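Have a look at the structure below before the remarks.
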Amino acid sequence: MEEKNTVLASGKSHAKIILIGEHSVVYGQPAIALPLSAVTVTATLKPLPANNQLIKSSYYDGPLTTAPQSMLGITNLIKFMLAKANQPQLGFCLEINSQLPAERGMGSSAAVTIAIIRAFAAYFAWNLSRPQLLKLAQLAERETHKNPSGLDAATSASLKPIWLIRNQEMYPLKIALDAYLLIADSGIKGQTKQAVSLVKEKLVNDPSSTQGQIQALGALAHLARKQLAHNDVLGLGQTFNQAQSHLQALGVSSKELDNFISLSLNNGALGAKLTGGGRGGCFICLVKDQATAQNLATVLKEHGVTQTWLQPLTNLEEFSNEENGPRPH
């Protein structure tokens with residue numbers, strides 16, 4: 001008989017943040033997302049007798065059959081994979097350990113989904129291609145987000161930044177930038193739905209100005225792509241600042257985020273902006289070196305930031321493991 005603590009298989013994924021293009025991406029403009037390879041999710045399968053199927057996580061702990069409605073995407077995905085493997089009665093305990101804070105624009109649901117798929121794929125000895133992995137992820141993400149762009153899942157499954165124009169193109173980018181990105185959690189839950197609705201409303205009430213802001217954000221994403229490839233650190237900092245001005249004009253920032261961003265610019269950041277849905281959540285700061293980043297992280301925490309992560313932007317693939325990846329402070 002197998003021991004209680006025997007691991008059948010496990011899968012891993014990581015967080016993501018939007019570098020540039022949040023909100024404007026919904027309206028056909030490009031976005032760039034960055035993987036945070038040491039902010040991880042691990043899904044582990046342990047054996048149980050047939051027909052015993054449990055999920056163990058900080059969010060829900062209990063049978064697969066009684067998981068909350070908010071987990072429907074994940075439970076349907078698990079059932080689909082079990083049926084595909086012709087093992088619908090497989091007994092297991094699926095343990096999910098996530099370092100990602102929820103509702104912070106870091107792609108928590110997609111990261112959990114990718115880790116779960118990888119765990120079951122390892123158990124069933126499926127050698128999934130990247131397109132197959134992402135197709136499975138979309139099954140769950142469509143249930144969770146109704147109309148997902150696929151960006152979260154693609155970045156959670158990648159060690160390279162992702163360029164996306166919705167329904168047109170999505171592919172990895174190379175980055176060669178002698179700088180660091182400090183990601184900071186404001187400690188306030190993001191309000192993505194409210195922010196998206198606000199932009200939609202503005203498009204109806206003030207179409208000319210709002211379209212102008214959206215197009216300007218698109219142009220800045222194209223500019224950022226060139227700056228990332230050509231080591232234009234100062235230019236990218238200015239691009240961040242301009243993007244933040246447009247996001248403020250769209251109404252998706254907040255007083256707290258604006259204050260944190262001003263504080264960052266006064267303490268060594270070359271540029272800073274919100275990331276993700278806005279109205280709370282995380283913001284990002286471009287800094288020239290690790291010492292500046294560490295000093296800035298200390299200042300921000302003294303003023304209420306709850307957590308920070310440091311991501312080197314030089315040869316991202318070299319920083320793909322936990323030892324060298326984004327460092328918590």
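Quick note on numbering: the UniProt record's numbering labels position 322 of the sequence shown as 322, and the sequence is numbered without any gaps. Where a beta carbon is used, it is the ideal one built from N, C-alpha and C, also for glycine. It should be emphasised that the depicted structure is a prediction, and the values quoted were computed from it without experimental measurement.
Measure the beta-carbon distance from residue i to residue j and round it to whole angstroms, keeping in mind my assumption that it falls under 8 Å.
i      : j      : result
GLN238 : ILE261 : With a Cβ gap of about 14 Å, GLN238 and ILE261 do not count as contacting.
THR113 : ILE78  : THR113 to ILE78, Cβ: 10 Å. No contact.
GLY91  : ILE18  : With 8 Å as the limit, GLY91 and ILE18 do not qualify as a contact, their Cβ atoms being about 39 Å apart.
LYS16  : GLY107 : 4 Å
ILE55  : LEU64  : 6 Å
ALA153 : CYS285 : Contact flag wrong, Cβ pair sits at about 26 Å.
ALA195 : ARG279 : 5 Å
Return the residue from the list the options that minimises the CA-CA distance to residue i.
i           : options                           : result
LYS46       : PHE120, THR65 and MET170          : PHE120
LEU220      : HIS246, THR298, ALA195 and GLY73  : HIS246
VAL25       : TYR180, SER253, GLN168 and ALA157 : GLN168
TYR166      : GLN29, GLY304, LEU236 and LEU8    : For the sequence presented, residue 166 should be read as Arg rather than Tyr. For the residues GLN29, GLY304, LEU236 and LEU8, the minimum Cα distance to ARG166 belongs to GLN29.
ARG142      : ALA110, HIS23 and ARG130          : ALA110
GLN213      : VAL299, ALA179, GLY251 and GLY190 : GLY251
LEU265      : LYS288, GLY105, GLY276 and GLY281 : LYS288
residue 364 : LEU128, ALA31, LYS226 and SER156  : Summary: the structure shown does not reach residue 364, with the chain confined to residues 1 through 329, and so no result is reported for it.
ASN259      : SER57, LEU48 and SER186           : SER186
PRO312      : ALA176, SER58 and LEU139          : ALA176
TYR123      : HIS14, SER197, LEU228 and SER10   : SER10
GLN294      : TRP309, GLY280 and ALA31          : TRP309
THR144      : MET71, ALA102 and PHE240          : MET71
ALA179      : LYS135, LYS200, ALA229 and LEU139 : ALA229
ASN51       : TYR60, LEU133, CYS93 and GLY21    : CYS93
LYS12       : GLN138, GLU103 and ALA115         : ALA115
LEU274      : GLN290, ASN267 and LEU257         : LEU257
THR314      : LEU159, LEU128, GLY150 and PHE283 : LEU159
Over the uninterrupted alpha helix (DSSP H) stretch that includes residue i, give me the two end residues.
i      : result
LYS301 : 290-302
HIS246 : 233-250
VAL112 : 108-123
LYS84  : 72-84
SER135 : In the sequence on display, residue 135 carries Lys and not Ser. LYS135 -> alpha helix (DSSP H) spans 130-145.
Pull the bridge partners of residue i from the DSSP assignment, please.
i      : result
MET170 : LEU164
TYR180 : VAL287 and PRO312
ALA9   : LEU45
ASP206 : Paired residue(s): none; ASP206 is not in a bridge.
GLN307 : ASP185
ALA15  : LEU36
Kindly examine the ligand ATP and report whether one of its heavy atoms sits closer than 6 Å to the Cβ of residue i.
i      : result
ALA157 : Among the components of this structure there are no ligands whatsoever, and the ligand ATP is therefore not found.
Considering residue i, what are the terminal residues of the beta strand (DSSP E) in which it resides?
i     : result
ILE55 : 53-56
ASN97 : 92-98
LEU64 : From DSSP, LEU64 is part of no beta strand (DSSP E); its letter is neither H nor E.
Three CB pairs or more closer than 8 Å across the segment 33-41 and the segment 76-84: no
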